[in-house]
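The structure appears right after this line, and notes come after that.
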Amino acid sequence: MKNTIKLGLLSAMIIGVFSACSSEPKSVEYYKDPKNAKELEAKIKECNKNANSAKNDTECANAYNAEYSKSLENAKNTEITDEEASKYLNLKKKQ
């Protein structure tokens, strides 16, 4: 009887471990959502600790893609003045 209970508990623990390991990685869209900004920031910090994290970890790759996408959106929404634009164009002409 005791062995049956122990075996049942061990089985439940093993199932729990394997089900936790097989969860789907969070998507780019998940990380792009402003509600998940803190989670994105934490994941980026975690992924930055490993140089190959984007190649080896799908969730890190998704977090990096979301961060890059958000930075592009912010750049598109940034307005520059005519003065800044003319400075840039004048620098290009001189080169």
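For the sequence shown, the working numbering begins at 5 and goes up steadily by one. Every residue, glycine too, gets a C-beta built ideally from N, C-alpha and C. Please read these numbers as outputs of a predicted model, since none were measured by experiment.
For the alpha helix (DSSP H) that contains residue 62, what are its first and last residues? 62-80
Residue burial classification, residue 45 (beta-carbon count within 10 angstroms, cutoff 16): exposed
What is the residue span of the alpha helix (DSSP H) that residue 52 lies within? 41-52
Please name the residue in 42, 43, 41, 64 whose C-alpha comes closest to that of residue 52. 64
Judging by CA-CA distance, which residue of 55, 28, 71 is the nearest neighbour of residue 40? 71
Is the beta carbon of residue 92 less than 8 Å from the beta carbon of residue 66? no
Residue 86, DSSP secondary structure in three states: helix
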